[in-house]
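Written below as structure tokens is the structure these notes are about.
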Amino acid sequence: MASWHRLILNMADSMPQRLEFPEIRAGPFSVVKNGQELFDFQTDVPSDENVLWLPFELQELMADFIQMCSELLLAGYPGCSGCGYRDDEEKWNELAHRHRIENFR
Numbered sequence: 083m084a085s086w087h088r089l090i091l092n093m094a095d096s097m098p099q100r101l102e103f104p105e106i107r108a109g110p111f112s113v114v115k116n117g118q119e120l121f122d123f124q125t126d127v128p129s130d131e132n133v134l135w136l137p138f139e140l141q142e143l144m145a146d147f148i149q150m151c152s153e154l155l156l157a158g159y160p161g162c163s164g165c166g167y168r169d170d171e172e173k174w175n176e177l178a179h180r181h182r183i184e185n186f187r
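Numbering of the sequence shown is given in our numbering, commencing with residue 83 and proceeding in unit increments.
Okay, structure coming up:
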């Protein structure tokens with residue numbers, strides 16, 4: 083829990099204009115926004131195509147996930163407003179992601 087809280091504090095320092103941050107609760111890991119689950123950590127493919135499927139062991143993934151988020155913040159993510167980087171990104175395709183993951187496993 084301490085590393086999650088430290089990540090949230092780093093997010094606040096990096097993005098002072100942001101007013102809403104993730105809420106951390108003890109218990110099973112889940113990521114929910116506006117009542118909608120965003121990530122699913124399990125071996126079976128979720129039926130909801132709006133849920134990002136991450137079929138990895140949660141304990142192994144969490145330390146890497148926190149580290150990657152911290153490194154992105156240190157590198158300046160999410161960048162500056164109006165820099166155009168978001169216009170260059172392609173829309174996320176969850177079905178293509180699931181296909182790549184299934185072929186990788």
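For every residue, glycine included, the Cβ atom is placed at its ideal position computed from N, Cα and C.
Between the CA atoms of residue j and residue i - distance to the nearest angstrom
i	j	result
D95	E142	27 Å
H181	L120	18 Å
L155	S129	32 Å
W86	F111	11 Å
Q99	M83	25 Å
Exposure label - residue i; buried when at least 16 CB within 10 Å
i	result
L89	buried
W135	buried
Those residues which DSSP pairs with residue i across a bridge
i	result
V114	E119
W135	D122
Coarse secondary structure for residue i, derived from DSSP in three states
i	result
L101	coil
I106	coil
S129	coil
E172	coil
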